[in-house]
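Residues 313 to 496, numbered by the numbering used here, are exactly what the sequence shown covers, in order.
Step one of this worksheet: look at the structure below.
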Amino acid sequence: MILPVYVYGSPVLRKKSIPVDQNYEGLHTFIADLWETMYNSDGVGLAAPQVGKSIRIFVIDSSAMESDDPSVKGFKKTFINPKIIEKTVEEILFVEGCISIPHIREEVSRPPQIRIQYYDEEWIYHDEAFEGVPARIIQHEYDHLEGILFVDKIPAIRRKLLNGRLSAISRGKIDVSYKIKTPR
Ligand code: ZN
Numbered sequence: 313m314i315l316p317v318y319v320y321g322s323p324v325l326r327k328k329s330i331p332v333d334q335n336y337e338g339l340h341t342f343i344a345d346l347w348e349t350m351y352n353s354d355g356v357g358l359a360a361p362q363v364g365k366s367i368r369i370f371v372i373d374s375s376a377m378e379s380d381d382p383s384v385k386g387f388k389k390t391f392i393n394p395k396i397i398e399k400t401v402e403e404i405l406f407v408e409g410c411i412s413i414p415h416i417r418e419e420v421s422r423p424p425q426i427r428i429q430y431y432d433e434e435w436i437y438h439d440e441a442f443e444g445v446p447a448r449i450i451q452h453e454y455d456h457l458e459g460i461l462f463v464d465k466i467p468a469i470r471r472k473l474l475n476g477r478l479s480a481i482s483r484g485k486i487d488v489s490y491k492i493k494t495p496r
């Protein structure tokens, strides 16, 4: 089922999400809904808070970004209760967008390599290192679980220039092809 996407200004996007356990009611249906909602909105990743649930789950399928980085081909994963345990110290800039902040794209600085521990949808534990576009998308989605949005990470001067557009989004004054849920 396609779920409405909560947009900028929604309190749920600012909450720290809690871990889920294997018996979480409707877990598999919810994950299937995340995939369907993500594909419907042309996103490459979607975190549970973006559909109004403060739980630590996100899904990623970055195959649409193959032209930016051929290594993303076939990178499709569910992350449950993820923990980023290592990051490189240096950071690099890369343009990001977010289906909760439609039509805004900005360069964001992040470490190019990370190591993350997580469970997949079969509840299998993984401890893996990622780099390039996958590492970038993982960090963006992971931030959603912490109540952080990519626009929090851009220089104050850029952010100031976006204030009007961000406020328009929070009032639902945007044209998008998918169903959204605005704070008011
Ligand atoms: Zn996002």
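Each residue gets a CB set at the ideal place from its N, CA and C atoms; glycine is no exception.
Predicted model, so just to flag it, every value in this text is computed and none were measured.
Tell me whether residue i, by its Cβ, gets closer than 7 Å to a heavy atom of the ligand ZN.
i: SER412; result: yes
i: HIS452; result: yes
i: HIS415; result: no
i: ILE340; result: The question names Ile, but residue 340 is His in the sequence shown. Checking every heavy atom of the ligand ZN against the Cβ of HIS340, none is found closer than 7 Å.
i: HIS456; result: yes
Let me know the secondary structure DSSP gives residue i once reduced to three states.
i: THR341; result: helix
i: GLN334; result: coil
i: ARG427; result: strand
i: ILE444; result: The sequence given here has Gly at residue 444, not Ile. Reduced to three states, the DSSP call for GLY444 is helix.
i: ILE396; result: strand
i: GLY476; result: helix
i: VAL363; result: helix
i: ARG496; result: coil
i: LYS328; result: coil
i: SER419; result: Rather than Ser, the amino acid found at residue 419 in this sequence is Glu. Here GLU419 sits in strand by DSSP.
i: ILE486; result: coil
i: PRO316; result: coil
i: GLU348; result: helix
i: PHE462; result: helix
i: VAL401; result: coil
i: GLU453; result: helix
Any idea if residue i is buried or exposed, counting beta-carbon neighbours within 10 angstroms, 16 or more meaning buried?
i: PRO394; result: buried
i: GLU453; result: buried
i: THR341; result: exposed
i: GLU337; result: exposed
i: LEU457; result: buried
i: SER353; result: buried
i: GLU408; result: buried
i: ALA447; result: buried
i: SER479; result: exposed
i: ILE411; result: buried
i: PRO414; result: buried
Report the residue from the options whose alpha carbon sits nearest the alpha carbon of residue i.
i: GLN429; options: VAL463, ASP380, ILE369 and GLY357; result: ILE369
i: MET350; options: VAL384, PHE406, LYS385 and LYS389; result: LYS389
i: PRO424; options: VAL445, ILE436 and ILE413; result: VAL445
i: LEU346; options: SER375, GLN362 and ASN335; result: GLN362
i: ILE392; options: ARG417, LEU405 and HIS438; result: HIS438
i: ASN335; options: GLU434, VAL324 and ARG448; result: GLU434
i: ALA441; options: ILE426, ILE372, ILE411 and VAL319; result: ILE426
i: GLY355; options: SER374, GLY364, LEU339 and ILE450; result: SER374
i: VAL401; options: GLN451, ILE486, ARG422 and SER383; result: ARG422
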